[in-house]
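**Student:** Taken in sequence, the protein lines are chains P and A. Each residue of the first sequence is one higher than the one before, counting from -13 in the numbering used here. Each residue of the second sequence is one higher than the one before, counting from 1307 in the numbering used here.
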Amino acid sequence: MKKLFKTYSPFSRAGVQSAMAYRANFIFFLIGEIFKCFVMYFVWRAVFDSSQNQNFMGFTMEDMTVYVFISFLTGYLSFSDGAFALGEEIVDGSVSMRMIKPCSFDMCFLFQELGNKVINYSIMFVPIVLGVEIYRFVITGAVQFNIVSFVLFFVSLQLAYLINFYFNVCYGFLAFFLKNLWGTNLIKDVIVGFLSGSTIPLAFMPDALQTVLTYLPFASLSYTPVMIYMNMYSPFQIAFSMLLQAFWLAVFVLVSKMIWHFAMKHLCIQGG
Amino acid sequence: MKRIFRLHRIFISQHLKRLMEYKVDFTVGAIGFLLGQAVEILFIGIIFSQIPDLAGWTFDEILFIYGFSLIPKAIDHMFFDNLWMIGYSIVRKGDFDKYLTRPINSLFYVTVEKFQVDAFGELLMGIILITYSLIRISGNIMWQRALILLLLVPFAVLIYTSVKILTSAISFWTKQSGHITHMFYAVNDFAKYPVTIYNDFIKVIITYIIPFAFTAYYPASFFLRGENGWFCVLGTVLISLALFGISLIVWNRGIKAYESAGS
Chain P
-13 MKKLFKTYSP
-3 FSRAGVQSAM
7 AYRANFIFFL
17 IGEIFKCFVM
27 YFVWRAVFDS
37 SQNQNFMGFT
47 MEDMTVYVFI
57 SFLTGYLSFS
67 DGAFALGEEI
77 VDGSVSMRMI
87 KPCSFDMCFL
97 FQELGNKVIN
107 YSIMFVPIVL
117 GVEIYRFVIT
127 GAVQFNIVSF
137 VLFFVSLQLA
147 YLINFYFNVC
157 YGFLAFFLKN
167 LWGTNLIKDV
177 IVGFLSGSTI
187 PLAFMPDALQ
197 TVLTYLPFAS
207 LSYTPVMIYM
217 NMYSPFQIAF
227 SMLLQAFWLA
237 VFVLVSKMIW
247 HFAMKHLCIQ
257 GG
Chain A
1307 MKRIFRLHRI
1317 FISQHLKRLM
1327 EYKVDFTVGA
1337 IGFLLGQAVE
1347 ILFIGIIFSQ
1357 IPDLAGWTFD
1367 EILFIYGFSL
1377 IPKAIDHMFF
1387 DNLWMIGYSI
1397 VRKGDFDKYL
1407 TRPINSLFYV
1417 TVEKFQVDAF
1427 GELLMGIILI
1437 TYSLIRISGN
1447 IMWQRALILL
1457 LLVPFAVLIY
1467 TSVKILTSAI
1477 SFWTKQSGHI
1487 THMFYAVNDF
1497 AKYPVTIYND
1507 FIKVIITYII
1517 PFAFTAYYPA
1527 SFFLRGENGW
1537 FCVLGTVLIS
1547 LALFGISLIV
1557 WNRGIKAYES
1567 AGS
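1) Please state the DSSP three-state secondary structure of Phe1385 of chain A.
2) Using 8 Å as the limit for Cβ to Cβ distance, is Phe28 of chain P near chain A?
3) Phe153 of chain P to Phe238 of chain P, Cα distance in whole Å?
4) For Val1418 of chain A, which of A:Phe1528, A:Ile1310 and A:Ile1503 has the nearest alpha-carbon?
5) Per DSSP, what kind of secondary structure is Phe1421 of chain A in: helix, strand or coil?
6) For the segment 1330 to 1350 of chain A and the segment 1383 to 1402 of chain A, state whether three or more C-beta atom pairs, one from each stretch, are separated by less than 8 Å.
7) Look at the Cβ atom of Gly18 of chain P, then the Cβ atom of His1383 of chain A, and state whether they are nearer than 8 Å.
8) Within the continuous alpha helix (DSSP H) that includes Trp30 of chain P, where are the two ends?
9) Return the residue from the list A:Thr1473, A:Tyr1415 and A:Ile1441 that minimises the CA-CA distance to Asp1366 of chain A.
10) Asn11 of chain P versus chain A: which residues are under 8 Å apart at the beta carbon?
11) Give the range of the alpha helix (DSSP H) segment to which Phe65 of chain P is assigned.
12) How do the segment 130 to 146 of chain P and the segment 198 to 214 of chain P stand: do at least 3 beta-carbon pairs fall below 8 Å, yes or no?
13) For Lys174 of chain P, which residues from the same chain have a beta carbon less than 7 Å from its beta carbon, with the 5 sequence-adjacent residues on both sides left out?
14) What are the start and end residues of each continuous beta strand (DSSP E) run of 3 or more residues lying completely inside the segment 115 to 159 of chain P, in chain order?
15) Name the chain P residues that come within less than 8 Å of Gln1356 of chain A, Cβ to Cβ?
16) What would DSSP say about Leu172 of chain P, mapped onto helix, strand or coil?
17) Which one of A:Val1469, A:Ile1337, A:Leu1453 and A:Gln1343 has the shortest CA to CA distance from Pro1525 of chain A?
18) List the residues of chain P that Phe1339 of chain A touches, going by C-beta distances under 8 Å, in chain order.
19) Go to Ser1457 of chain A, then tell me how far its alpha helix (DSSP H) extends in each direction, as first and last residue.
20) State the DSSP-derived secondary structure class of Leu1360 of chain A, mapped to helix, strand or coil.
21) I'd like to confirm the pairing. Which residues does DSSP put opposite Phe42 of chain P in its beta bridges?
22) Do Met228 of chain P and Ser135 of chain P have their beta-carbon atoms positioned less than 8 Å apart in this structure?
23) Please confirm if Phe14 of chain P has its CB atom under 8 Å from at least one CB of chain A.
24) Using a Cβ-Cβ distance under 8 Å, would Tyr(-6) of chain P count as near chain A?
25) Are any of the Cβ atoms in chain A nearer than 8 Å to that of Ile133 of chain P?
26) Closer than 7 Å between beta carbons: that is the criterion. Which residues of the segment 1371 to 1387 of chain A meet it against chain P?
27) Among the residues of its own chain, which have a CB less than 7 Å from the CB of Phe1426 of chain A, if the five just before and after it don't count?
28) Can you round the beta-carbon distance between Met213 of chain P and Val52 of chain P to whole angstroms, since I take them to be within the 8 Å contact cut?
29) Are the C-beta atoms of Tyr1524 of chain A and some chain P residue less than 8 Å apart?
30) List, in order along the chain, the chain A residues whose C-beta lies closer than 8 Å to that of Val25 of chain P?
31) Does Ala1567 of chain A pass the burial test, meaning 16 or more other C-beta atoms within 10 Å, or should it be called exposed?
32) Around the Cβ of Pro1517 of chain A, are there at least 16 other Cβ atoms within 10 angstroms (buried) or fewer (exposed)?
33) Whole beta strand (DSSP E) runs in the segment 1309 to 1355 of chain A with 3 or more residues, listed along the chain?
34) Does the beta-carbon of Phe1537 of chain A have 16 or more other beta-carbons within 10 angstroms, so that it is buried, or is it exposed?
What follows is the structure in structure tokens.
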């Protein structure tokens, strides 16, 4: 374990440094993205104003607001594009350098991105959580913050990130077949966004679809942590959904390792 | 003027040739975009399954406003997309020298250099939504207003383009401003829904400061309901021209401040 950190911590440092260098850019980008949350917030407010009852498919206005912002936070912090770089390396052939270095390819990407995440967490985590909690306090007049849900949320969020990371590694290998990942990436993001409940809460979907989506890996990426944060899950549901997260993580780690070994045998790089 | 149009044609045809090389990428990109929009429409549909109207607007009217908001955005995206690159890389790398040394206006050259076909997806979606909603509400439509609405489209495009010119010109001083452009451009998300759902603070911002409300809601609401005609129509024209004027002034000052990167 110690050796692992010794080998890969330089990657994390590099990640921290590059994120620090572009900190201002990240903040501008973030503000732009948060506008979208506010659009959704106002749409929901208008929905609740137009509606006779104060409950929309099991969600109150307060729930919906928390959902919009926490699912944005989850989506951002569990986002992973390390594997996108892998795809580019495959296309331009520099992936060959990975094969002669004495470190594992996924760990390099993972630790580099973790360094990046440290900065992202420091910038956005506290302001958004604090904002949501203050909002809940003002609306309900009582402190809604629950430390147990919060810790479980945090663990679930880390699992979501790791699943996303390995899912994207698997996806990055598609670059062996497709020379350009941009368009397919767009399609992937839309489909994953839809199936993971980050665009529309899964609770709003037809029952049959909802059941299927709960078991698919996508719910583990965003819906599970958000529901845990919101206290919408019973203890049994929490245990079940987190076990499911662990299961899907194991699956994607295994699949990505298998593809890597298979691909390395068949890789053909021109020039270099 | 004639020369400018001829040059623009040459740029576009050059770009289309490049594009033909990547037909699959284009198709895949367009499908991705259409899927993304379909999900948003589905979201609106789910909302309306529970409520009869949203802040006084029916499902069809909301679809119309949403669809109309895509049209100026798509046109700007299609013809003037290269402006993004100024703030992201052109100035930082010193590549802006190229535009200054050509015998045409640098802003015009850099703006039209790229023809962005991805925008066809947006345009198509906008047209589909407008057509669909118009068929369903055709009974209440004043067709004279349609002509005015059509005439307002170029001004709405000008708002998008001006915001991009203004924010990318910041890079002449700071070297990089792509993320600032992103931040201001993202405000256009507010334009997809009726301005009446927002609080006063946001209303003022999207009407007078970053006037994206004039790219969709105001023209569309004039078309649908005919209320506040002068404000909606003249406002769109005047605000877009004013913003364009300001962006040109900032751009020209920026060029004077531009320093190339050492090589």
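From the three backbone atoms N, C-alpha and C, an ideal C-beta is built for every residue, glycine too.
**Tutor:** To lay it out plainly:
1) Of the three classes helix, strand and coil, the one that applies to Phe1385 of chain A here is helix, per DSSP.
2) Taking Cβ atoms only, chain A reaches closer than 8 Å to Phe28 of chain P, which makes this a yes.
3) The alpha-carbon of Phe153 of chain P is positioned some 6 Å away from that of Phe238 of chain P.
4) Comparing Cα-Cα distances from Val1418 of chain A to each of A:Phe1528, A:Ile1310 and A:Ile1503, the minimum goes to A:Ile1310.
5) In the structure shown, Phe1421 of chain A sits in coil (DSSP, three-state: anything other than H, G, I, E or B).
6) The answer is no - the segment 1383 to 1402 of chain A does not touch the segment 1330 to 1350 of chain A, with fewer than three Cβ pairs under 8 Å.
7) No.
8) Unbroken alpha helix (DSSP H) run through Trp30 of chain P: Arg9 to Ser36.
9) When only C-alpha atoms are compared, the closest one is A:Ile1441.
10) Here the neighbours are Gln1482, Gly1484 and His1485.
11) Note, Phe65 of chain P: premise wrong, no alpha helix (DSSP H); not H, not E.
12) In short, these stretches touch, since the Cβ pair count reaches three.
13) Excluding the 5 residues flanking it on each side, Lys174 of chain P has same chain C-beta neighbours closer than 7 Å at Tyr157, in chain order.
14) Listed in chain order, nothing qualifies, since the segment 115 to 159 of chain P has no complete beta strand (DSSP E) run of 3 or more residues.
15) Those within 8 Å of Gln1356 of chain A in chain P are Val33, Ser37, Phe42 and Met43.
16) Here Leu172 of chain P sits in helix by DSSP.
17) Per the C-alpha coordinates, the member of A:Val1469, A:Ile1337, A:Leu1453 and A:Gln1343 positioned closest to Pro1525 of chain A is A:Leu1453.
18) Those are Leu172, listed as they occur along chain P.
19) Note on residue identity: the sequence assigns Leu, not Ser, to residue 1457 of chain A. Taken as a continuous stretch (DSSP letters only), the alpha helix (DSSP H) holding Leu1457 of chain A covers Trp1449 to Ala1475.
20) In this structure, Leu1360 of chain A counts as strand in the three-state DSSP scheme.
21) In the DSSP assignment, Phe42 of chain P forms a beta bridge with P:Phe45.
22) Cβ atoms of Ser135 of chain P and Met228 of chain P: not closer than 8 Å.
23) Phe14 of chain P counts as touching chain A.
24) By this cut-off, Tyr(-6) of chain P is not an interface position.
25) Not an interface residue.
26) For the segment 1371 to 1387 of chain A, the beta-carbon criterion of a distance under 7 Å to any beta-carbon of chain P is satisfied by none of its residues.
27) Closer than 7 Å at Cβ, skipping near neighbours: Ala1336.
28) About 11 Å; that fails the 8 Å criterion.
29) No, Tyr1524 of chain A lies away from the interface with chain P (no Cβ there is under 8 Å from its Cβ).
30) Neighbours of Val25 of chain P across chain A, judged by C-beta separation under 8 Å: Asp1495, Phe1496, Lys1498 and Tyr1499.
31) That one is exposed.
32) Under a 10 Å Cβ-count criterion, Pro1517 of chain A is classified as buried, with 16 or more other Cβ atoms of the shown protein chains found around its own Cβ.
33) Those beta strand (DSSP E) runs which fall completely within the segment 1309 to 1355 of chain A and span 3+ residues do not exist here.
34) Classification for Phe1537 of chain A: exposed.
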